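A quick write-up on the structure given underneath.
Numbering (this note's numbering), first residue to last: 24 to 281.
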(Lines of atoms letter the chains of each structure in order from A and count residues from 1; the text may use other names and numbers.)
(Lines give C-alpha, C1' and ligand atoms only; values in the text may rest on other atoms or scores of the structure.)
Protein backbone atom coordinates (compact mmCIF):
# COMPACT_ATOMS: atom_id res chain seq x y z
CA UNK A 1 0.00 0.00 0.00
CA UNK A 2 2.66 2.51 0.99
CA UNK A 3 4.40 2.35 -2.39
CA UNK A 4 1.09 3.10 -4.13
CA UNK A 5 0.41 6.05 -1.84
CA UNK A 6 3.92 7.39 -2.40
CA UNK A 7 3.57 7.10 -6.17
CA UNK A 8 0.19 8.86 -6.09
CA UNK A 9 1.56 11.70 -3.97
CA UNK A 10 4.47 12.12 -6.37
CA UNK A 11 2.13 12.25 -9.37
CA UNK A 12 -0.08 14.81 -7.65
CA UNK A 13 2.98 16.83 -6.72
CA UNK A 14 4.15 16.90 -10.32
CA UNK A 15 0.77 18.29 -11.40
CA UNK A 16 0.92 20.86 -8.62
CA UNK A 17 4.36 22.04 -9.67
CA UNK A 18 3.28 22.44 -13.29
CA UNK A 19 0.52 24.80 -12.16
CA UNK A 20 2.83 26.46 -9.62
CA UNK A 21 5.30 27.36 -12.37
CA UNK A 22 2.59 28.45 -14.82
CA UNK A 23 0.61 30.46 -12.25
CA UNK A 24 -2.49 29.11 -10.48
CA UNK A 25 -6.11 30.18 -10.84
CA UNK A 26 -7.37 31.10 -7.37
CA UNK A 27 -10.93 31.18 -6.04
CA UNK A 28 -12.25 31.32 -2.48
CA UNK A 29 -14.49 29.03 -0.44
CA UNK A 30 -17.27 30.11 1.86
CA UNK A 31 -14.83 30.32 4.78
CA UNK A 32 -12.63 32.67 2.71
CA UNK A 33 -9.85 30.09 2.37
CA UNK A 34 -8.23 29.92 -1.07
CA UNK A 35 -8.56 27.00 -3.45
CA UNK A 36 -6.74 26.64 -6.76
CA UNK A 37 -6.85 24.56 -9.89
CA UNK A 38 -3.85 22.70 -8.43
CA UNK A 39 -5.98 21.54 -5.46
CA UNK A 40 -8.61 20.12 -7.80
CA UNK A 41 -6.20 18.55 -10.27
CA UNK A 42 -4.11 16.89 -7.56
CA UNK A 43 -7.20 15.55 -5.81
CA UNK A 44 -8.51 14.01 -9.04
CA UNK A 45 -5.20 12.20 -9.51
CA UNK A 46 -5.16 10.82 -5.97
CA UNK A 47 -8.82 9.79 -6.01
CA UNK A 48 -8.35 7.90 -9.27
CA UNK A 49 -5.27 6.11 -7.93
CA UNK A 50 -6.95 5.13 -4.68
CA UNK A 51 -10.13 3.97 -6.41
CA UNK A 52 -8.12 1.76 -8.75
CA UNK A 53 -5.91 0.23 -6.07
CA UNK A 54 -8.25 0.16 -3.06
CA UNK A 55 -11.84 0.26 -4.31
CA UNK A 56 -13.26 -0.94 -0.98
CA UNK A 57 -11.62 1.76 1.17
CA UNK A 58 -13.62 5.01 1.31
CA UNK A 59 -11.80 8.31 0.78
CA UNK A 60 -12.54 11.54 2.62
CA UNK A 61 -10.91 14.28 0.53
CA UNK A 62 -10.95 18.00 1.25
CA UNK A 63 -12.45 19.27 -2.00
CA UNK A 64 -14.91 16.39 -2.22
CA UNK A 65 -16.19 17.25 1.26
CA UNK A 66 -16.41 20.93 0.26
CA UNK A 67 -18.63 19.81 -2.63
CA UNK A 68 -20.85 17.82 -0.27
CA UNK A 69 -19.57 14.38 -1.26
CA UNK A 70 -18.79 12.44 1.91
CA UNK A 71 -18.60 8.62 1.91
CA UNK A 72 -19.88 6.34 4.63
CA UNK A 73 -16.94 5.55 6.92
CA UNK A 74 -18.82 4.02 9.85
CA UNK A 75 -16.88 1.02 11.16
CA UNK A 76 -14.42 1.16 8.26
CA UNK A 77 -10.84 2.09 7.71
CA UNK A 78 -10.62 5.07 5.38
CA UNK A 79 -8.26 7.49 3.69
CA UNK A 80 -7.97 11.18 4.48
CA UNK A 81 -6.61 13.27 1.61
CA UNK A 82 -5.49 16.87 1.45
CA UNK A 83 -4.26 17.27 -2.12
CA UNK A 84 -2.59 20.62 -1.44
CA UNK A 85 -2.00 21.51 2.18
CA UNK A 86 -0.71 25.03 2.58
CA UNK A 87 -2.62 26.60 -0.30
CA UNK A 88 -1.76 30.06 1.04
CA UNK A 89 1.93 29.12 0.86
CA UNK A 90 1.39 27.87 -2.69
CA UNK A 91 -0.40 31.03 -3.82
CA UNK A 92 2.27 33.26 -2.28
CA UNK A 93 4.97 31.11 -3.94
CA UNK A 94 6.42 29.88 -0.68
CA UNK A 95 7.80 26.34 -0.77
CA UNK A 96 5.99 25.07 2.36
CA UNK A 97 3.08 23.21 0.76
CA UNK A 98 2.47 19.48 0.75
CA UNK A 99 0.45 16.58 -0.61
CA UNK A 100 -1.08 14.53 2.23
CA UNK A 101 -2.51 11.00 2.13
CA UNK A 102 -3.29 9.22 5.39
CA UNK A 103 -4.95 5.93 6.29
CA UNK A 104 -7.13 5.74 9.41
CA UNK A 105 -7.88 2.52 11.28
CA UNK A 106 -9.99 2.48 14.43
CA UNK A 107 -9.69 6.25 14.71
CA UNK A 108 -5.88 6.27 14.52
CA UNK A 109 -3.59 7.38 11.67
CA UNK A 110 -1.53 4.28 10.83
CA UNK A 111 -0.10 5.03 7.39
CA UNK A 112 0.84 8.36 5.90
CA UNK A 113 2.63 10.10 3.05
CA UNK A 114 3.60 13.77 3.02
CA UNK A 115 5.26 15.09 -0.14
CA UNK A 116 6.69 18.60 -0.36
CA UNK A 117 7.27 18.97 -4.12
CA UNK A 118 8.87 22.42 -4.04
CA UNK A 119 11.37 21.21 -1.42
CA UNK A 120 12.03 17.88 -3.10
CA UNK A 121 11.24 15.89 0.04
CA UNK A 122 8.89 12.98 0.69
CA UNK A 123 8.09 11.50 4.09
CA UNK A 124 6.13 8.33 4.72
CA UNK A 125 5.27 5.87 7.46
CA UNK A 126 3.66 2.48 7.96
CA UNK A 127 3.94 -0.38 10.44
CA UNK A 128 5.64 1.81 13.02
CA UNK A 129 8.49 2.95 10.76
CA UNK A 130 8.91 6.52 9.53
CA UNK A 131 11.25 7.51 6.71
CA UNK A 132 12.17 10.31 4.32
CA UNK A 133 13.79 10.61 0.93
CA UNK A 134 14.98 13.27 -1.46
CA UNK A 135 13.04 13.67 -4.70
CA UNK A 136 14.80 14.82 -7.85
CA UNK A 137 12.90 15.75 -11.02
CA UNK A 138 9.76 14.23 -9.55
CA UNK A 139 11.38 10.87 -8.80
CA UNK A 140 12.77 9.42 -5.55
CA UNK A 141 16.55 9.63 -5.39
CA UNK A 142 16.70 5.99 -4.28
CA UNK A 143 17.88 6.23 -0.69
CA UNK A 144 15.24 6.19 2.05
CA UNK A 145 16.41 7.23 5.51
CA UNK A 146 14.69 6.04 8.67
CA UNK A 147 13.76 8.97 10.90
CA UNK A 148 12.81 9.32 14.54
CA UNK A 149 11.92 11.98 17.08
CA UNK A 150 14.65 13.33 19.31
CA UNK A 151 14.46 13.57 23.07
CA UNK A 152 13.57 17.07 24.18
CA UNK A 153 16.45 18.89 25.81
CA UNK A 154 16.60 21.85 28.15
CA UNK A 155 15.91 24.32 25.32
CA UNK A 156 13.02 22.96 23.26
CA UNK A 157 12.30 24.19 19.74
CA UNK A 158 8.64 24.89 19.00
CA UNK A 159 6.93 25.07 15.63
CA UNK A 160 3.98 27.36 15.00
CA UNK A 161 1.61 27.97 12.13
CA UNK A 162 2.76 30.64 9.70
CA UNK A 163 -0.77 31.82 8.87
CA UNK A 164 -2.89 30.61 11.77
CA UNK A 165 -0.95 31.46 14.90
CA UNK A 166 -3.05 32.58 17.85
CA UNK A 167 -2.74 34.46 21.16
CA UNK A 168 -3.34 31.15 22.92
CA UNK A 169 -0.29 29.67 21.21
CA UNK A 170 1.86 32.61 22.28
CA UNK A 171 0.59 32.27 25.85
CA UNK A 172 1.30 28.53 25.85
CA UNK A 173 4.90 29.05 24.76
CA UNK A 174 5.36 31.73 27.41
CA UNK A 175 3.82 29.59 30.14
CA UNK A 176 6.03 26.65 29.18
CA UNK A 177 9.14 28.82 29.13
CA UNK A 178 9.77 28.02 25.47
CA UNK A 179 11.84 30.79 23.89
CA UNK A 180 12.77 29.26 20.54
CA UNK A 181 10.13 28.91 17.86
CA UNK A 182 9.82 28.87 14.08
CA UNK A 183 6.79 29.50 11.88
CA UNK A 184 6.34 26.73 9.32
CA UNK A 185 3.55 26.12 6.84
CA UNK A 186 1.48 23.00 6.12
CA UNK A 187 1.97 19.48 7.50
CA UNK A 188 5.74 19.92 7.38
CA UNK A 189 5.55 20.73 11.08
CA UNK A 190 4.73 17.10 11.88
CA UNK A 191 7.58 15.93 9.66
CA UNK A 192 10.12 18.20 11.32
CA UNK A 193 9.11 16.79 14.70
CA UNK A 194 9.34 13.27 13.27
CA UNK A 195 12.87 13.75 11.94
CA UNK A 196 14.10 15.30 15.18
CA UNK A 197 14.72 18.90 14.17
CA UNK A 198 12.06 20.33 16.52
CA UNK A 199 10.30 19.26 19.69
CA UNK A 200 6.75 20.57 20.01
CA UNK A 201 3.93 21.94 17.87
CA UNK A 202 1.02 23.50 19.77
CA UNK A 203 -1.98 24.15 17.53
CA UNK A 204 -4.60 26.35 19.16
CA UNK A 205 -6.49 27.29 16.02
CA UNK A 206 -8.74 25.40 13.61
CA UNK A 207 -7.58 22.40 11.61
CA UNK A 208 -9.38 19.62 9.80
CA UNK A 209 -8.55 15.93 9.87
CA UNK A 210 -7.19 15.90 6.31
CA UNK A 211 -4.74 18.64 7.37
CA UNK A 212 -3.20 16.46 10.06
CA UNK A 213 -3.74 12.73 9.39
CA UNK A 214 -0.77 11.97 7.15
CA UNK A 215 1.72 14.03 9.14
CA UNK A 216 0.37 12.68 12.42
CA UNK A 217 0.83 9.11 11.16
CA UNK A 218 4.46 9.88 10.38
CA UNK A 219 5.00 11.56 13.75
CA UNK A 220 3.49 8.65 15.70
CA UNK A 221 5.56 6.11 13.75
CA UNK A 222 8.65 8.16 14.58
CA UNK A 223 7.93 7.92 18.30
CA UNK A 224 5.96 11.13 18.84
CA UNK A 225 2.38 11.85 19.81
CA UNK A 226 -0.51 14.22 19.20
CA UNK A 227 -2.74 14.92 22.19
CA UNK A 228 -5.74 17.15 22.69
CA UNK A 229 -5.58 19.77 25.42
CA UNK A 230 -7.39 17.22 27.60
CA UNK A 231 -4.44 14.87 27.20
CA UNK A 232 -6.27 12.42 24.93
CA UNK A 233 -4.77 11.07 21.72
CA UNK A 234 -6.19 12.97 18.74
CA UNK A 235 -8.85 10.79 17.11
CA UNK A 236 -9.98 10.65 13.48
CA UNK A 237 -13.33 10.04 11.83
CA UNK A 238 -15.15 12.57 13.99
CA UNK A 239 -18.73 12.90 12.73
CA UNK A 240 -21.84 14.56 14.19
CA UNK A 241 -19.87 16.65 16.64
CA UNK A 242 -22.16 18.74 18.85
CA UNK A 243 -19.91 21.81 18.83
CA UNK A 244 -18.19 21.64 15.46
CA UNK A 245 -18.45 20.35 11.91
CA UNK A 246 -17.61 16.86 10.73
CA UNK A 247 -13.88 16.09 10.65
CA UNK A 248 -12.91 19.25 12.54
CA UNK A 249 -10.09 18.84 15.05
CA UNK A 250 -9.99 20.27 18.56
CA UNK A 251 -6.90 22.16 19.67
CA UNK A 252 -3.93 19.85 20.08
CA UNK A 253 -0.27 19.59 20.97
CA UNK A 254 2.08 17.45 18.90
CA UNK A 255 5.48 16.59 20.32
CA UNK A 256 8.49 14.34 19.87
CA UNK A 257 10.01 12.31 22.66
CA UNK A 258 9.72 13.74 26.18
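A virtual CB, placed ideally from N, CA and C, is assigned to each residue, including glycine. All values reported here derive from a predicted model rather than from experimental measurement.
Taking the C-alpha atoms as reference points, what is the distance between residue 215 and residue 247?
11 Å
Collapsed DSSP secondary structure at residue 244 in the structure displayed:
helix
Taking residue 94 as the reference, give the member of 102, 86 and 81 with the closest Cα.
81
Is it right to say residue 243 is buried, meaning 16 or more other beta carbons lie within 10 angstroms of its own, or is it exposed?
buried
Tell me the DSSP secondary structure of residue 132 in three-state form.
strand
Assuming contact is defined by CB atoms lying nearer than 9 Å, are residue 120 and residue 148 in contact in what I supplied?
no
Assuming residue 61 and residue 136 make a contact with CB atoms under 8 Å, what is their CB distance in whole Å?
Going by Cβ atoms, the distance from residue 61 to residue 136 rounds to 18 Å, so no, they are not a contact pair.
With burial defined as no fewer than 16 other Cβ atoms inside 10 Å of the residue's Cβ, what is the status of residue 180: buried or exposed?
buried
Counting pairs of Cβ atoms below 8 Å between the stretch 186 to 204 and the stretch 100 to 107, do you hit three or more?
no
Measure the alpha-carbon distance for residue 68 versus residue 239 and round it to whole angstroms.
23 Å
From 176, 45, 133 and 251, pick the residue whose C-alpha is nearest to that of residue 281; which is it?
176
Compute the Euclidean distance between the alpha carbons of residue 273 and residue 118, then round it to the nearest angstrom.
27 Å
Own chain, CB closer than 6 Å to residue 16, minus 5 neighbours either side, in chain order
There is no way to answer for residue 16, as the model of the chain reaches only from 24 to 281.
Buried or exposed for residue 128, please, with buried defined as at least 16 other CB atoms from any protein chain shown within 10 angstroms of its CB.
exposed
Mind checking which residues open and close the beta strand (DSSP E) that includes residue 88?
Element bounds for residue 88: not the beta strand (DSSP E) but the alpha helix (DSSP H), 85 to 89.
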